[in-house]
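Residue numbers (the numbering used here), protein chains in the order written: chain A, 3 to 328; chain B, 240 to 545.
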């Protein structure tokens with residue numbers, strides 16, 4: 003439904019965000035998590051990073067096989083949970099951010115085209131979005147994963163064999179290194195291809211409003227073409243709304259990924275994500291011998307990160323898109 | 240009214256047709272066939288199986304044949320569970336999901352509207368702040384975290400409720416809370432924002448000017464309008480909740496319809512998957528229709544013609 007045109011000279015959105023204390027705390031927290039997840043693992047001793055015979059050690063105990071401190075305990079394969087949490091954060095956040103960016107590009111292009119051309123094109127394009135909404139999302143995600151998964155792995159394997167024959171050792175080792183992680187790339191692509199529907203709707207609504215404003219008419223009168231208007235005049239005005247919905251799409255993608263990994267359909271060992279760690283934790287929960295750390299640490303880390311992303315997204319939305327607060 | 244209903248029905252059928260077509264064509268064009276795991280590997284046996292389950296010929300021929308059966312309300316048989324027709328499998332799995340989803344829907348709609356309404360009426364109070372904080376918490380924490388924690392607290396530690404499985408009403412409580420939690424939060428936020436919007440409108444000022452108290456104005460006038468966006472959201476939500484959730488089913492060890500989607504894709508069981516999509520879309524269409532009816536009752540300006 004087209005919204006009423008609203009004034010463009012609202013008070014500065016960034017000032018509103020900066021006064022929003024939960025959003026700012028969340029922003030700091032998220033930056034800290036990203037920095038820690040992507041730097042600290044490099045400084046951990048190598049003996050922490052593999053499997054060992056020290057299975058199910060509680061937090062803050064020293065290993066028997068290798069005398070290193072396990073900050074968050076170990077899992078059933080004797081792997082250090084702290085290290086797994088950080089690499090899991092790399093995977094979960096990476097999938098969330100890159101997947102959300104893919105969906106953002108698709109959604110923005112789709113929404114801009116639909117809104118700018120209007121009329122019949124708009125009607126058909128939005129009808130298609132309505133229809134895609136009618137098919138359960140999990141179905142598309144799983145179909146995409148099934149379609150890409152085997153093909154991608156085969157392709158990597160073929161590259162590895164070819165490199166082996168050609169004695170091109172760098173490529174061979176790269177391919178060999180990537181094969182266990184091919185699932186992650188497939189997940190990113192699949193989730194990105196599915197999550198763009200809401201983004202397309204929001205962008206279209208904004209473009210419908212913006213294209214009626216005088217600066218667009220002026221640009222058209224000066225001979226600016228459709229693509230130029232979309233790129234030079236509409237895109238800058240959409241940037242804050244795109245950023246807002248990007249922040250809200252990231253937790254949605256992270257949730258989808260963890261959901262699939264929890265069911266055992268996503269990230270597999272040796273790679274980890276918050277979802278797969280939670281799956282491992284939920285499997286060992288029992289009333290006799292509680293291995294609480296395997297469930298508690300991933301749960302707290304994941305919940306706090308999603309909470310921070312949602313707080314930040316809400317803060318941005320309140321500042322830049324006061325009309326469409328749901 | 241009649242013309243509206245007819246148009247609505249036609250466009251709904253189009254959505255259903257599109258969703259089933261897409262599902263069938265995508266599933267059948269995935270790598271890996273339904274009989275790849277069979278032990279009898281001879282080409283003749285494979286061929287015979289394909290003919291028996293009407294999967295021979297080009298993709299287009301299979302699709303047309305399937306659609307013809309579907310029009311005659313025949314959902315065919317599952318490739319994976321050979322002795323079962325798709326209709327039988329759905330009839331066996333749906334009741335559990337309907338019960339659980341229905342209960343979760345009741346919790347989400349009533350509690351959500353109540354909390355959201357209270358938060359809006361006491362705007363910027365501790366109550367408002369607390370309700371909205373709990374809401375964002377419930378949205379952020381996925382059901383596979385709340386599930387094990389609820390089990391650990393209420394089933395293993397306090398021993399008030401059973402851990403999982405299917406039985407009386409007590410078996411439903413934890414899964415229903417777990418399933419409904421994020422949706423209570425969505426509904427509460429939607430209700431709060433919508434009511435705040437309405438409270439700013441002119442007709443409410445008029446209502447107060449003619450002598451109604453705040454509470455009277457809210458219950459007699461504002462609620463009716465403010466609940467419209469919530470009703471719009473509740474339609475698709477009902478369809479979503481009633482078709483089950485794989486996560487909640489796996490955490491609480493229930494046998495419901497949520498696992499059908501995932502298992503059918505894993506097994507490349509195209510007919511079962513399409514059957515599940517037919518049920519989901521039919522529920523979606525039905526509840527959207529109910530939403531339209533509610534709209535015309537709640538808001539007298541809307542007439543059922545388009």
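Glycine included, C-beta positions come from ideal geometry on N, C-alpha and C. No experiment lies behind these values; they were computed from the predicted model shown.
Under the DSSP assignment, residue 292 of chain B falls outside any alpha helix (DSSP H); it carries neither an H nor an E label. Taking a cut-off of 8 Å on C-beta distances, the region 297-307 of chain B does not touch the region 479-498 of chain B, as fewer than three cross pairs fall below it. DSSP lists A:71 as the bridge partner or partners of residue 64 of chain A. Of all residues in the region 226-257 of chain A, only 253 and 257 come within less than 8 Å of chain B when Cβ atoms are compared, listed by chain position.
Residue 296 of chain A is positioned such that its CB atom lies closer than 7 Å to that of residue 77 of chain A. A residue is called buried once 16 or more other Cβ atoms fall within 10 Å of its Cβ, and residue 171 of chain A, having fewer, is exposed.
If you draw a straight line from the Cα of residue 254 of chain B to the Cα of residue 48 of chain A, it comes to about 55 Å.
Straight through space, the alpha carbons of residue 492 of chain B and residue 391 of chain B are spaced by roughly 15 Å.
Residue 231 of chain A places its beta carbon 7 Å or farther from that of residue 100 of chain A. Non-local beta-carbon contacts of residue 51 of chain A in its own chain, meaning distances under 7 Å to residues more than five positions away in sequence, involve 85 in chain order. In terms of Cα proximity to residue 43 of chain A, the closest of A:106, A:90, A:284 and A:306 is A:90. If the five residues before and after residue 258 of chain B are omitted, its C-beta is found closer than 7 Å to the C-beta atoms of 516 and 520, all from its own chain and listed in chain order. Along the region 509-531 of chain B, the positions whose C-beta sits under 8 Å from a C-beta of chain A are 512, 516, 519, 520 and 523, read in chain order. At a beta-carbon threshold of 9 Å, the residues of chain A lying near residue 485 of chain B are 140, 261 and 265, ordered along the chain. Scanning chain B for C-beta atoms nearer than 9 Å to the C-beta of residue 193 of chain A yields nothing, as the closest lies near 15 Å away. A contact between stretches requires three or more CB pairs, one per stretch, nearer than 8 Å, and the region 118-129 of chain A fails this requirement with the region 271-285 of chain A.
Annotation: Cβ neighbours of residue 387 of chain B in chain A (cutoff 7 Å, chain order): 284, 287 and 297. When B:373, B:509, B:339 and B:531 are compared, the shortest CA-CA separation from residue 471 of chain B is found for B:531. From the listed residues A:57, A:73 and A:54, the smallest Cα separation to residue 63 of chain A is found for A:73. Around the CB of residue 459 of chain B, fewer than 16 other CB atoms lie within 10 Å, so the residue is classed as exposed. By the rule that beta-carbons nearer than 7 Å mark a contact, residue 79 of chain A does not touch chain B. Shortest Cα-Cα distance from residue 393 of chain B to any of B:533, B:407, B:412 and B:287 involves B:412.
Each of B:469, B:305, B:498 and B:265 was checked against the Cα of residue 332 of chain B, and the nearest Cα belongs to B:498. In the structure shown, the three-state DSSP call for residue 324 of chain B is strand. Contact with chain A is absent for residue 282 of chain B, since none of that chain's Cβ atoms lies less than 7 Å from the residue's Cβ.
Taking a Cβ-Cβ threshold of 9 Å, none of the residues of chain A is close to residue 414 of chain B; the smallest such distance is about 15 Å. Judged by their CB atoms, residue 310 of chain A and residue 32 of chain A are nearer to each other than the 7 Å cut-off.
Residue 424 of chain B and residue 347 of chain B have their alpha carbons spaced roughly 8 Å apart. Taking 7 Å as the threshold, the shortest C-beta distance from residue 421 of chain B to chain A does not fall below it. Note on geometry: alpha-carbon atoms of residue 417 of chain B and residue 304 of chain A lie some 17 Å from one another.
For the region 359-384 of chain B, residues whose beta-carbon sits nearer than 7 Å to a beta-carbon of chain A comprise 375, 376, 378, 379, 380, 381, 383 and 384. Contact annotation, residue 335 of chain B with residue 405 of chain B: C-beta distance approximately 6 Å; criterion of less than 8 Å satisfied.
Along the region 17-28 of chain A, none of the residues has a CB nearer than 8 Å to a CB of chain B.
Take residue 456 of chain B, set aside five residues on each side of it, and the residues of its chain with a beta-carbon closer than 8 Å to its own are 443, 446 and 447, in chain order.
In the structure shown, the three-state DSSP call for residue 76 of chain A is strand.
Close partners of residue 499 of chain B in chain A (Cβ separation under 8 Å) are lacking, with about 11 Å as the shortest Cβ gap.
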